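Let me begin by presenting the structure, written as structure tokens, before commenting on it.
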Amino acid sequence: LWGAHYLSHGTVGEAPDLPPVVELMALLKRWNVSTEAAERAEIWNSMLSIYTDQVFSIGTVNGTHQPVLASSRLRNLPDKALYGYDPTAYFGVYMMDTFWLGET
17 LWGAHYLSHG
27 TVGEAPDLPP
37 VVELMALLKR
47 WNVSTEAAER
57 AEIWNSMLSI
67 YTDQVFSIGT
77 VNGTHQPVLA
87 SSRLRNLPDK
97 ALYGYDPTAY
107 FGVYMMDTFW
117 LGET
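In my numbering, the protein residues as written are 17 to 120.
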């Protein structure tokens with residue numbers, strides 16, 4: 017619900033009420049408007065500290081199917097993709113530079 021709230025700019029879902037999450041959201045707002053590398057580094061380190069201290073998720077599921085929404089024009093997208101920690105947690109492992117847009 018927090019993610020839906022963030023993505024919808026507050027029109028759906030619920031605002032975070034857990035103090036560390038509220039702080040992470042405030043840091044994200046600062047990050048988004050910051051133009052200074054030093055300030056961004058300080059924000060990033062603060063975010064990492066909170067995230068590692070709180071352990072919001074534990075990766076116990078590995079090798080599951082990764083749903084992907086794509087345009088009907090997108091070509092060379094794999095039919096199946098796996099979501100796992102390493103290396104398939106990163107969509108780039110599927111060689112995005114080989115995708116292209118074709119006709120519908």
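Ideal placement from N, C-alpha and C gives every residue a C-beta, glycine not left out.
All of these numbers come straight from a predicted model, not from anything done at the bench.
Exclusion of the five residues before and after R91 leaves F115, W116, L117, G118 as the residues of its chain whose Cβ lies within less than 8 Å of its Cβ. The C-beta distance from P32 to W47 rounds to 16 Å, too long to meet the 8 Å contact threshold. Bounds of the alpha helix (DSSP H) holding K45 are 35-49.
When the beta-carbon positions are compared, I66 and L44 stay at least 7 Å from each other. Shown here for V71: not one same chain residue has a beta carbon closer than 6 Å to its own, the five before and five after excluded. With a minimum length of 4 residues, there is no unbroken run of alpha helix (DSSP H) contained wholly in the segment 55-91.
Around Y110, the same chain offers P94, A97 as residues with beta carbons nearer than 7 Å, after the five sequence neighbours per side are excluded. When DSSP states are grouped into helix, strand and coil, L98 belongs to the strand group.
Cβ-Cβ distances below 6 Å link H21 to G29, E30, A31 in the same chain, with the five nearest sequence neighbours on each side left out; the list follows chain order.
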